[in-house]
Every structure is written in C-alpha cells, then in structure tokens.
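J.:
Residue numbers (the numbering used here): 67 to 305.
#1: Counting C-beta neighbours from all protein chains within 10 Å, is the total for residue 177 16 or more, i.e. buried, or is it exposed?
#2: Report the option in 137, 170, 144 and 181 whose CA atom is closest to the CA atom of residue 154.
#3: Who are the near neighbours of residue 70 in its chain, counting only those whose CB is closer than 8 angstroms to its CB and skipping five residues on each side?
#4: At 4 residues or longer, what runs of the alpha helix (DSSP H) sit wholly inside the region 70-144?
#5: Report yes if the CB atom of residue 225 is closer than 7 angstroms to the CB atom of residue 244, and no otherwise.
#6: Within 10 angstroms of the Cβ of residue 162, are there 16 or more other Cβ atoms? Answer buried if so, exposed if not.
#7: Assuming residue 29 contacts residue 140 (C-beta within less than 8 angstroms), just tell me the rounded distance between them.
#8: Across which residues does DSSP place residue 266 in a beta bridge pair?
#9: Using a Cβ distance threshold of 8 angstroms, determine whether the region 268-281 contacts the region 208-220, with at least three qualifying pairs required.
#10: Tell me the residue span of the beta strand (DSSP E) that contains residue 188.
#11: Counting only the same chain and skipping the five closest in sequence on each side, list residues whose C-beta sits under 6 angstroms from that of residue 204.
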C-alpha cells in the first residue's frame, strides 16, 4: 500500500527520469505513470524505493509497448507470464491445470471476461485446451535498455558475483539466478513463462518493453505475498 502523496512523489521522480533520458513522449504528465509497489510497501517511499517500478504504457492493444522505470538500486521481484485458459462460469478446473487464484494473490479476473469466469494455467505447456476454453497466450517480451544500467536475472547457470545482486530478503522467492547485464543498447528477448527479475544500478534504469497484449493481473510472482495491483490510500490525518 502507498499513500496518495507518496504515489505523487514517485510519479514525479519517474517523470523526471524519462525527461532526462531524452525519450520523446509528447504531452507526458507525471500522473500518466503507473506506480507499482507489489503490495509490499508501508505507505511511505522508503521501502518502495528499494522494491518497486514505474510504468508508462505507450500502447496496449494486440501489441504492447511500455517504458519501465527503475529508481536507483530498485528491485522488480521475480515473476513470469504464463498462458492462461479462461472457462465459462461454473466450470471445473480441468485435469492438468491449476486454478490461477492459487497462484495470484487477490486475483479478481479480467474485465474482458469477468470475475466469475474460471481462470486456469496448464501444468505443462502442451496441455490440451478444453473445447469451451479461451486461450490467452503467455506473454513474450523484448526489453531494450535506453538509459542506466541494471542486472536482469533469468534461468541459466547462476552468476557467482552479479553486478547488482538480488536483495537478500528476496532470495527465498527467486529461482532464476543467471545475470544479463543491462546497459544502453542492450536488448533481451524472453519467451513466455520465463521467470525474471531486475535490479537497477546506482543511477537508475529505463527500459522499453515490447510484447503481446499486456494483462497485468495475470502476472505470476514467485513470492505468493506479492499483489500486482497497487493499493492507494489517503494518509491518516493527525489529531
């Protein structure tokens, strides 16, 4: 949870980062930026500056383009974008599938299908899709660094001494430990269902992301306590 005034401060920080990067966005305003605290903040910016993310959506139709902004040393926790099958209301979870609500905290469905639809993910990529099922393909992503440096962690041989290590408190919820060093001009392609996390360098990091249509509520985080949707509250008034 973040207090509203904390969100406004974070938006201003990310806004200034984009302006300084020189990436042209006509009419950009601070309030256009999404502030993501992953449900781990205490209302203030102190913890958020360690674990959080700023997002500006360029387009999100059949294709998606986003600008991802990281404050200095900010961490984006490990997550993946798996294929999801949507079934009509009242359907049972098919054999070979897992109820998405068991994997995503406080999942309330997608607006296009409704909360009462049944959302399930296959245990294996080649699982048969039921006749009444609607497949939402897992999101493939391409990241292109435009400013700053960072460490992206993906599956592969663990890197002994990464440039920017994953915060120790998040080690229990991290499975992918191979570092890909991010710097301006470096691009990284990730297949669907690839666990990944990012740690920004001391000057912060700005990355442009291209992908299939983004449906953020479907993101599956390795840490089950994480909530992708940021809760914003008014700061309590002092008596």
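We put the beta carbon where it would ideally sit given N, CA and C, even for glycine.
T.: Reading from the atomic positions:
#1: exposed
#2: 181
#3: 298, 299, 300 and 301
#4: 70-87 and 111-114
#5: yes
#6: exposed
#7: An answer regarding residue 29 cannot be provided, because it is not within the stretch 67 to 305 covered by the chain.
#8: 216
#9: yes
#10: 184-188
#11: 147, 148, 149, 258 and 259
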